[in-house]
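**Student:** Under this note's numbering, the letters of the first sequence match residues 206 to 753, in that order.
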Amino acid sequence: MTPEILDLLFPNKLPTVAEIEAKYPPRQLPEGAVVSRLAPSPTGYLHIGNFYQGFMAERLAHQHNGVFFLRIEDTDQKREIEGAVDVVLKALAHYGVHPDEGSTLDKGEVGVYAPYTQSKRKDIYQAYAKELVAKGAAYPCFCSEEDVEMRRKVQTKQGLRPGYYGSYAKCRNLTDEEILANLKAGKPFCIRLRSTGDYSKRIVVDDLLKGKVSLPEYDIDVVIIKANDGLPTYHFAHLIDDHLMGTTHVIRGEDWLPSVPLHIQLFNLMGWPLPQYGHHALLQKLGEDGKRRKISKRLDPEANIAYFAEHGYPQDAVLEYLMNLMNASFEDWRKANPTIPVMDFPMDIHKISNTAGALFDMVKLNSIAREVVARMTAEEVYDKVLTWAKEYKPEFATVLENNRDKCIAIFNIERGIGTKSRKDLFKWEDAEHEMEFFFNRPAYDESLLAPLAHEDIQKVAAEFAAIYDPADDNQAWFAKVKQVAEQNGFATDMKAYKADPSGFKGSVADVAKILRVAITGRVQSPDLCSIMKILGKDEVAERLKING
RNA sequence: GACCCUAUCAUCUAACGGUUAGGAUACGGCCCUCUCAAGGCCGGUACACGGGUUCAAAUCCCGUUAGGGUCGCCA
206 MTPEILDLLF PNKLPTVAEI EAKYPPRQLP EGAVVSRLAP SPTGYLHIGN
256 FYQGFMAERL AHQHNGVFFL RIEDTDQKRE IEGAVDVVLK ALAHYGVHPD
306 EGSTLDKGEV GVYAPYTQSK RKDIYQAYAK ELVAKGAAYP CFCSEEDVEM
356 RRKVQTKQGL RPGYYGSYAK CRNLTDEEIL ANLKAGKPFC IRLRSTGDYS
406 KRIVVDDLLK GKVSLPEYDI DVVIIKANDG LPTYHFAHLI DDHLMGTTHV
456 IRGEDWLPSV PLHIQLFNLM GWPLPQYGHH ALLQKLGEDG KRRKISKRLD
506 PEANIAYFAE HGYPQDAVLE YLMNLMNASF EDWRKANPTI PVMDFPMDIH
556 KISNTAGALF DMVKLNSIAR EVVARMTAEE VYDKVLTWAK EYKPEFATVL
606 ENNRDKCIAI FNIERGIGTK SRKDLFKWED AEHEMEFFFN RPAYDESLLA
656 PLAHEDIQKV AAEFAAIYDP ADDNQAWFAK VKQVAEQNGF ATDMKAYKAD
706 PSGFKGSVAD VAKILRVAIT GRVQSPDLCS IMKILGKDEV AERLKING
């Protein structure tokens with residue numbers, strides 16, 4: 206490769222490889238420290254699988270006194286969306302998954318290996334690519350999209366493995382004269398790796414999560430620098446960045462497993478130490494056809510991590526659910542350590558199940574959310590609901606802010622210690638509906654009380670209102686309910702009622718039902734005594750007035 | 001089509017050659033009970049199939065089948 210060609214291929218002034226290596230020296234970290242990363246594409250959307258992967262990587266790094274960084278993989282400019290990086294940053298911040306390096310919401314990019322945005326690292330990739338071309342380890346390819354398309358068609362038709370390899374690698378052996386002619390003719394070109402792999406040979410990789418995997422060597426001359434913008438493809442960017450940034454552990458979805466031989470080839474070509482690879486199974490969903498499939502951006506709203514914030518799932522519920530997917534032993538740990546933050550769980554990378562992808566289970570997530578909320582104090586619930594409402598339901602936020610004490614009292618109803626708590630509220634978007642009758646007098650609907658007689662209902666309500674005292678504790682309150690029951694021919698004792706239903710107008714349960722419907726407008730509610738206390742004597746009396 | 005990964009209750013999974021195959025969620029029942037939500041107790045359901053290896057297999061090996069993934073100048 207002549208210097209003339211190299212200069213035509215890479216016309217810009219580039220730093221030398223030595224300069225780059227000097228600028229980004231290896232990390233000085235204690236023995237055994239893990240450096241891992243989350244490397245999303247800025248598509249305006251953080252996929253739950255991506256978040257899952259990042260969370261796993263973050264735990265691994267931060268539990269092994271290492272570094273977790275965020276790198277933005279924006280080498281495909283067609284997919285770029287304004288503000289997309291903020292979407293990622295906000296999601297991570299929301300869950301407390303903190304990168305040590307990379308873009309931040311308020312301080313720009315932090316970290317000594319900056320920039321962490323691939324489009325800003327173009328010169329770095331180009332410098333290495335230039336060196337590879339100079340060495341003959343890579344070459345310019347002038348094949349057009351149509352050429353590539355045609356080749357694939359032919360190969361597929363003949364039942365051959367598609368790809369730019371062997372005799373199908375048309376530009377692999379162009380002479381300098383041919384290259385020069387193409388360049389002078391202004392033909393666009395990409396840079397391809399001159400693969401040294403032999404598809405008939407095998408390579409065994411020791412994957413952190415999969416164990417030993419045997420794969421064919423990679424013989425395709427992949428594109429490393431794209432023609433239209435000179436930016437690298439994923440493979441090349443991964444090589445350069447994870448080398449320079451000192452990544453020790455590459456945690457990613459198993460959809461990357463087939464390209465591991467390529468990545469190993471690349472690292473070997475450069476003479477760089479290999480990172481430890483760990484490929485996790487992909488999160489799945491049950492499709493309409495009853496078959497499993499990847500969680501899909503188009504079909505599944507919960508594929509977007511933002512879904513859970515929008516619906517007011519507690520952060521810890523999502524984290525605990527995902528942690529449970531990583532290490533099933535998390536459940537046992539949680540049971541034994543009900544008050545310790547999820548981030549203190551010792552996640553064990555070797556215990557991540559090496560199975561097919563888990564089906565995303567919303568029901569289980571809900572169940573975990575109930576437990577998470579049950580562990581909170583009423584004040585915590587209030588704060589969380591308010592934070593959610595401010596963002597997604599401003600008018601509800603106003604109600605919450607104007608009635609702080611009342612709301613906390615409401616959230617405190619039947620809030621016991623841990624498992625004994627009420628577990629109906631588990632996502633904040635439901636709070637408004639559950640609290641509605643505290644703020645708006647419900648319409649009285651007697652059909653809910655059928656077949657009780659109107660006069661009985663009226664009398665029960667009136668008599669209870671007359672003796673109701675908010676100072677009563679639960680026992681005293683219930684004694685009065687029983688008293689009213691007795692006065693009106695309702696059984697005070699459920700056993701007696703069940704033994705002889707026809708001997709009474711109904712039971713004490715029916716009396717409570719009358720009160721409940723009048724007070725809340727519903728046939729089901731939390732503890733009625735507590736509700737009445739919060740409403741106060743006057744409001745209770747008002748709601749118990751049943752017109753003739 | 002080629003290559004790779006995976007296979008235990010409905011779901012997430014435990015088991016790392018010897019267990020009545022364990023737990024959680026879901027489901028059903030009973031108890032508790034002013035309704036609901038809880039809580040307590042109990043219950044049913046699983047080693048994909050076929051061959052080996054072994055005294056012994058869910059576990060190791062091979063095959064079959066099934067599901068998933070990859071085969072882009074997307075990541």
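Note that the Cβ used here is the ideal one computed from N, Cα and C, for glycine as well.
1. In the region 437-514, which residue ranges form an unbroken alpha helix (DSSP H) of at least 4 residues, counting only runs that do not cross its ends?
2. Confirm, please, whether the CB-CB distance from Ala432 to Leu398 is below 8 angstroms.
3. Once the 5 residues before and after Phe256 are set aside, which same chain residues still bring their CB inside 7 angstroms of it?
4. Classify Gln680 as buried or exposed, calling it buried when 16 or more other Cβ atoms lie within 10 Å of its own Cβ.
5. Could you spell out the range, first to last residue, of the beta strand (DSSP E) harbouring Phe273?
6. Ignoring anything shorter than 4 residues, give me the alpha helix (DSSP H) runs that lie fully in the region 323-397, in order along the chain.
7. Looking at the secondary structure, which residues open and close the alpha helix (DSSP H) in which Pro599 lies?
8. Only counting the same chain, and skipping five residues up and downstream in sequence, which positions put a Cβ closer than 7 angstroms to that of Val222?
9. For Arg162, which residues from the same chain have a beta carbon less than 7 angstroms from its beta carbon, with the 5 sequence-adjacent residues on both sides left out?
10. Skipping 5 residues on each side, what residues in its chain have a beta carbon closer than 6 angstroms to that of Ala696?
11. For the beta strand (DSSP E) that contains Ile430, what are its first and last residues?
12. Cα separation between Gln729 and Leu720?
13. Measuring only the C-alpha atoms, how far is Val317 from Ser405?
14. Rounded to whole angstroms, what is the Cα-Cα separation between Gly307 and Glu525?
15. Spatial neighbours of Asp505 within its chain, please: CB distance less than 6 angstroms, with the 5 preceding and 5 following residues excluded, ordered by chain position.
16. Just list the residues that DSSP pairs Ala746 with in beta bridges.
17. Look at the alpha carbon of Lys628 and the alpha carbon of Asp677, and state the distance between them as a whole number of angstroms.
18. Between which two residues does the alpha helix (DSSP H) carrying Asp411 extend?
19. Could you check what DSSP says for Arg264 in three-state terms: helix, strand or coil?
20. Taking C-beta to C-beta, are Gln282 and Asp446 nearer than 8 angstroms?
21. Quickly, what does DSSP pair Pro421 with across the bridge? List them, please.
22. So, are the CB atoms of Met339 and Met206 less than 8 angstroms apart?
23. Do three or more CB pairs link the region 441-459 to the region 380-394 at distances below 8 angstroms?
24. Is the Cβ-Cβ distance between Gly562 and Leu462 less than 8 angstroms?
25. Just to confirm my understanding: we take Val547, look at its own chain, exclude 5 residues before and 5 after, and list those with CB closer than 7 angstroms. What are they?
26. Output the boundary residues of the alpha helix (DSSP H) element that contains Leu763.
27. Please report the distance separating the alpha-carbon of Phe535 from that of Glu351.
28. Just the C-alpha distance for Tyr587 and Lys228, rounded to the nearest angstrom, thanks.
29. Pull the bridge partners of His252 from the DSSP assignment, please.
30. Taking DSSP as the reference, what is the three-state secondary structure of Ala244?
31. Which value, in whole angstroms, describes the spacing of the CA atoms of Ala684 and Asn608?
32. In angstroms, rounded to a whole number, what distance separates the CA positions of Met581 and Ser626?
33. Got a sec? Which residues, its chain only, sit under 7 angstroms from Val465 by beta carbon, not counting five neighbours each side?
34. Tell me whether Ile396 is buried or exposed, calling it buried when 16 or more other Cβ atoms sit within 10 Å of its Cβ.
35. Along the chain, where does the alpha helix (DSSP H) that runs through Asn217 open and close?
36. Based on Cα-Cα distance, which residue from Ala723, Lys632, Leu294 and Lys389 lies nearest to Ser572?
**Tutor:** The short version:
1. 439-449 and 465-475
2. no
3. Within the same chain, and ignoring the five residues on either side of Phe256 in sequence, the residues whose Cβ sits closer than 7 angstroms to its Cβ are Ala296 and Ile510.
4. So Gln680 ends up on the exposed side.
5. Val272 to Leu275
6. 327-340, 350-362 and 381-389
7. Going by DSSP, Pro599 is part of the alpha helix (DSSP H) stretching over Pro599 to Asn607.
8. Ala332, Tyr333 and Glu336
9. A query on residue 162 cannot be resolved here, the shown segment of the chain reaching from 206 to 753 and no further.
10. Once the five neighbours on either side are set aside, the close Cβ partners of Ala696 are Tyr702, Phe709 and Ser712.
11. Val428 to Ile430
12. 11 angstroms
13. 42 angstroms
14. 25 angstroms
15. The beta carbon of Asp505 sits closer than 6 angstroms to those of Lys490, all from its chain and outside the five residues before and after it, given in chain order.
16. Paired residue(s): none; Ala746 is not in a bridge.
17. 25 angstroms
18. From DSSP, Asp411 is part of no alpha helix (DSSP H) but of the beta strand (DSSP E) over Arg407 to Asp412.
19. helix
20. In this structure, Asp446 does not lie closer than 8 angstroms to Gln282 by Cβ.
21. Arg407
22. The amino acid occupying residue 339 in the given sequence is Ala; Met does not appear at that position. Result yes, Cβ atoms of Ala339 and Met206 sit closer than 8 angstroms.
23. no
24. No, the pair does not count as a contact, with Cβ atoms beyond the cut-off.
25. Asp521, Leu524, Glu525 and Met528
26. Nothing about residue 763 can be reported from this structure: the residues present for the chain run from 206 to 753 only.
27. Each residue's Cα considered, the two are about 52 angstroms apart.
28. 50 angstroms
29. Looking at the DSSP output, His252 sits in a beta bridge with Asn509.
30. coil
31. 31 angstroms
32. 10 angstroms
33. Contacts found: Val410, Leu420 and Tyr482.
34. buried
35. Taken as a continuous stretch (DSSP letters only), Asn217 belongs to no alpha helix (DSSP H), as it is neither H nor E.
36. Lys632
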